[in-house]
Structures are given as C-alpha cells and as structure tokens.
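Under numbering that gives the first Met the number 0, the final residue of the sequence shown carries the number 500; numbering is consecutive throughout.
From the three backbone atoms N, C-alpha and C, an ideal C-beta is built for every residue, glycine too.
Quick caveat, the model's predicted, so the values are computed rather than measured.
Data block below; observations after.
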Amino acid sequence: MLNRITRRRKTLIRRAAIYLIPLPISLFLGLQLEQHNIQLKMHNIAYEYVQKLDKLISNIHHTNQSLLLSNVQCDELHDQFLFNSTIREVFLIKTEVPFVCSSKRGVLNKDLSQYYPSGIVRSGEHLRTLNADHTTRTLIIRDGQLGNPHHGISTVINEQFLENSLGYTQDTRLKSLILSYDGATLPERTRLEKKDGQYIAGSRKYPYMLGLTPAKAFISNQTILYLYSAALLSLIVSSAYLFLHHWLVKRLSLLDELKKALKRRELFLVYQPIVVSQSNQISGFEALLRWYKPKTGFISPEHFIDLAEKSGLIVDITEYVLYRAWQDWSNKKVVQPLHLSINIPPSYLEDPSTITQLKRYADRFKTINIQLVVEITERQLLKSSGQAVLNELRQANIHIAIDDFGIGSTALSILQNIEFDYLKIDKCFIDSIEVEDGHTPVLNSIVDLGHRLSVQLVAEGVESQTQADYLHELKVGYQQGFWHAKPMDILAASKLVAQNG
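See below:
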C-alpha cells in the first residue's frame, strides 16, 4: 500500500514537472514574440500615418498650385480662407515687389529678404514657430508658381488641423505622435529618440520623420495576450507530450508483453466454421488468433496484429499460428475432408525459408485430412513477386483465398493473371442485403465475377437468415458468420466436426 502511494506521488510530481518546466521557457519566448509583435504593429501603424500625412501634404500642394494657376487676388484669398478654422493662414507672396497678402490680415508690410534671400519661392515644407505665437509650432507648405518663381503660396497648418486630419489623438494605440522636419518638431519641445518604445518612421515622398510612442494600455494588452498564449501553448505542448509519452510507453509495453506472450505461448486460436450454403454442413474453419491477459482481459487483434506488423514481429506470430493450429488438430479425428484457412501476411511470403515452412505444414495437415488454405489480402496481389509466390503455393497444393475482396485496390486484370481458389466477399457487401432491401448491384457484380472466374465464393459476416437465403439464391457456395456459428475453441470445433462427420 505504501509503495503504491509512493509511486502515485512520484507520478504526480513527474507530471507537475512536465507542466511547470516548459512554462518559464514559454513565457520568455512569449515576451520575445510580444516585443517583436509590438514592433511589427508599430511599423504598420506608422506606415498608416505616413500614408495619411503624405496624402494631406499632397492635397495642400495641389490646392496651392490651383490658387496660383487661377491667379488668385488678395481679396479673393481673404474671402475664401478668412473663416477657415483649421488652416491657420494662407499667404500670397510676390518677392519682386515685395508683396505679402494674408488670408486673415490682408496686405502685410513684410521684409521678405530674410525668408527668400534669392527672391525665389521654392516648393517645400518646414516647421516654424511664427512670431505672433511663440508657443505653437505650425507646418508651412509652400509652392512657387510655375513659370514665375517669384510668386508663390504658403499655407500654414496648425496642430489642431493635423490632429483632426490624422486622428492620432483618438487612437488608443498611441500615447503620442511627433512630426519632425530638419530637426524641428511638432509639438514643440519634443524630440525623436528611440526610448519608451518610440518607433521612428520616415516618408519616401517628403523629408519628414514621424515618432510614434505606443500607449501603455496597448502594450499591456499585447503582453497579456502573448503571455496567455504562451501559457496556453505550454499547456498544450505538455499535454501533447504526456499523451504521446503515455501512448508510446503503452505501445512499447504492449509490444514487450506481446513478445513475452509469444515466448510463453499464451496466445491461442479459435476457429470460426465455414459452412456449405446449400446444406449448412461444416466445410472448414478459419483460424483466428486471440490474446487474453489476466489483468486486462482480451486484447483486440486489431491492436496487437497491427503492432506486430509494424514492429516486424508478425513473421514470428505467423509461425506460432501455424504451429498452434497443427498442435490443435494433429491429435483430432477428421473423417470428412476439412479446409483450414489461415491469414498469411505479406512479409511472411517474402522469405524463401518461411515459404518452405508453409509447404511443410501443408503436407502435415494433409496427413490428417485437412486442406490448408492461405488467406491473403488484395494488396498482396499488386506486386508481381507476390503473384509468383501464390502460383508456387498452388503448385504445392496449397489453396489460395483472397480475403475481404471488394474493399482493396485490386485491378481486375490481375485476377486473370493468377490462379486462386476462393474469393471471400467482405462483410460490408453482405450487410447491404438488408439495408438496400435486396437491391445489391455491387454484391451481385462480385458474385458474377467469381462465377466467371470459376472460383468458390465465401460470404463473410453473415448475421441473419435473410442474408443466408439471399446468398444461397445467388449461388454463393460458402458462408461464414455469427448466424451460423461464432468462433470457438479447438474442443468445440472438433466436437462440431464429429457431429457433422
């Protein structure tokens, strides 16, 4: 009892360790991915605002050029932009006069030499703090007139207009946005620097830079999301590891136990009768391998046969089946000839020594009035080497049965090139007799094919009188299934043979 509790405690500790050890690694990787993801998201956000600002600047340049092309006059400029609350001011400039007209203040007496020393109005943008307002920095977008570089338009954009146009103050992802032209920044007294997570991006169209600082809530949400995802991933990975480990250990354990059971000869055979459709007389048996474990009960053949095939143990198991079948029947009295069907896997027929052994067992069974029938699957017919082996077995007077016919991928041309004795129709086609109310075109075609090939037909999985009668009407020679008899041990099988003898 104490040992059991100790083992259970160790198992719990081991499972807890499997869940806990990957967690800090996953969280660390999650943080790394989170930082990378924030940088990627900030890159996309910055690109979004660069696109907006590029479009804004382009539109204002277009408006400036349109005003110049229309040869706008001072009073027209005043009427058009006086009550515009977003554009701070528009200036019409003529350097050769000199002449300056403001959309808000009219004609101004300005010394233009400090702004245009060469007298040329060049197109461009820059940030400037106007003399009238030393606290608010503005963006000036300037255009010279085509064909007359001494005339131009300058549009002054205030910070509010930028906020409304770009919408960055309403963006919950951002703490701040900084615009920089030639070292000057908007808002004033800010600067671009890569700290506090600030992301810096530039325009390919205009010579400005944007500095975007993510909001703390945005970073927190991303961090929580990635840490949660990392923890969930850690849980999934640990669970998958435990599942795979349990499955692998169980599979390896089952394989080890199967090897031990084979050595200890714990596996045994049961025999399912095959009857003549017309008379219900016993024609033979199919040998079926069974494995009973005292602790867990019966192990399904689907599990351990598949495991044996994948591990290479199937050849030894086939040898055991042949040996066990001979031991079961060698001392039994068989008056009427019987057929004994044994499933033979592909790998068993690839070795000349095992083929020789199979022939020896066939000869032994003949001495006790039993005809050995080798059951193969359709896939064994696909290789030419497999077809050659079947011909060799028939020459040794071993009968061949194609098992589960109709569910594989046998080409009909292959059936013409080999000689075999029995075609076993898979249970799924027998089930269709009652499901389809007697309309069974596929089953009928298989039966017709068997008759044309002059081979005996065996119906597998017969479970009702209706199915048995229908198959008899189709002239299916033999039947096998629970309706006639379930698999039985050798004592019951030999007793049944004696009763039918």
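1) Do L138 and L161 come within 8 Å of each other at the CB atom, strictly closer than that value?
2) With DSSP as the reference, please indicate the residues paired to S101 in a beta bridge.
3) Have a look at E301, G385, A491, N108 and flag the residue whose alpha-carbon is nearest the alpha-carbon of L253.
4) To which residues of the same chain is N368 closer than 8 Å at the C-beta, ignoring the five residues directly before and after it?
5) G449 lies in the beta strand (DSSP E); which residues open and close that run?
6) Just list the residues that DSSP pairs F297 with in beta bridges.
7) In the DSSP assignment, find the alpha helix (DSSP H) that holds L348 and state where it starts and stops.
8) By a C-beta neighbour count over all protein chains shown, 10 Å radius and 16 as the cutoff for buried, is E95 buried or exposed?
9) Within 8 Å, do at least three Cβ pairs link the stretch 414-432 to the stretch 454-474?
10) Using C-beta distances below 7 Å, list every residue in its chain close to P344, excluding the 5 sequence neighbours before and after it, in chain order.
11) Measuring alpha carbon to alpha carbon, tell me which residue in V269, Q280, D305, S276 is nearest Q326.
12) Any chance the stretch 445-457 sits against the stretch 474-493, with 3 or more Cβ pairs inside 8 Å?
13) Using the DSSP secondary-structure output, state which residues sit across from Q415 in a beta bridge.
14) What do you get for G146, buried or exposed, if any count of 16 or more other CB atoms within 10 angstroms of its CB means buried?
15) Could you work out which residue in W328, V71, F98 is closest to T366 when comparing CA atoms only?
16) Closest by CA to K259, which one among Q271, K292, L288?
17) Given a threshold of 16 other Cβ atoms within 10 Å of its Cβ, counted over all protein chains shown, does T465 qualify as buried or as exposed?
18) Kindly give me the distance between the Cβ atoms of V274 and H483, rounded to whole angstroms, as I take these residues to be in contact under 8 Å.
19) What are the boundary residues of the alpha helix (DSSP H) that H398 is part of?
20) List the whole-angstrom C-beta distance separating P186 from R127, where the pair is believed to meet the contact cut-off of C-beta under 8 Å.
21) Could you give the distance in angstroms between the alpha-carbon of I304 and the alpha-carbon of N220?
Based on what the coordinates show:
1) The sequence position of residue 161 within the sequence shown is 162, counting from 1. The sequence position of residue 138 within the sequence shown is 139, counting from 1. The answer is yes: Cβ separation under 8 Å.
2) Taking the first residue of the sequence shown as 1, we reach residue 101 at position 102. For S101, which the question treats as bridged, DSSP gives the partners F90, G105.
3) In the sequence shown, the residue the question calls residue 253 occupies position 254. Closest by alpha carbon: E301.
4) In the sequence shown, residue 368 corresponds to position 369, counting from 1. So the list reads V333, V334, Q335, P336, L337, once near-sequence residues are dropped.
5) For the purposes of this step, residue 449 is taken as the residue at position 450 of the sequence shown. Here G449 belongs to no beta strand (DSSP E); instead the alpha helix (DSSP H) covers 440-451.
6) Position 298 of the sequence shown, counted from the start, is the residue given in the question as residue 297. Partner(s): Y291.
7) Numbered from 1 along the sequence shown, position 349 holds the residue referred to as residue 348. Premise fails: L348 is in no alpha helix (DSSP H) and is neither H nor E.
8) Along the sequence shown, read from residue 1 onward, the residue named residue 95 stands at position 96. So E95 ends up on the exposed side.
9) yes
10) As a first step, residue 344 is located in the sequence shown; it is residue number 345 there, counting from the start. Excluding sequence neighbours, P344 sits near E308, I313, T317.
11) To locate residue 326, count along the sequence shown from 1; it is residue 327. The candidate whose alpha carbon is nearest that of Q326 is V269.
12) yes
13) On the sequence shown, residue 415 is found 416 positions in, with the first residue counted as 1. DSSP, once it has assigned bridges, lists no residue as partnering Q415.
14) Position 147 of the sequence shown, counted from the start, is the residue given in the question as residue 146. Under this definition G146 is an exposed residue.
15) Within the sequence shown, numbered from 1, the residue matching residue 366 stands at position 367. The residue with the shortest Cα to Cα distance from T366 is W328.
16) Here the question's residue 259 lines up with position 260 in the sequence shown. K259 has its Cα closest to that of K292, out of Q271, K292, L288.
17) For the purposes of this step, residue 465 is identified with residue 466 of the sequence shown, where counting begins at 1. Exposed, since its Cβ has fewer than 16 Cβ neighbours within 10 Å.
18) Translated into the one-based positions of the sequence shown, residue 274 becomes position 275. Translated into the one-based positions of the sequence shown, residue 483 becomes position 484. At roughly 5 Å, the Cβ-Cβ gap stays under 8 Å, so V274 and H483 are in contact.
19) Stepping through the sequence shown from its first residue, residue 398 is reached at position 399. Not the alpha helix (DSSP H): H398 falls in the beta strand (DSSP E), residues 398-404.
20) Locating residue 186 in the sequence shown gives position 187, where the first residue counts as 1. Locating residue 127 in the sequence shown gives position 128, where the first residue counts as 1. About 14 Å; that fails the 8 Å criterion.
21) Residue mapping note: residue 304 aligns to position 305 of the sequence shown, counting from 1. Residue mapping note: residue 220 aligns to position 221 of the sequence shown, counting from 1. Each residue's Cα considered, the two are about 53 Å apart.
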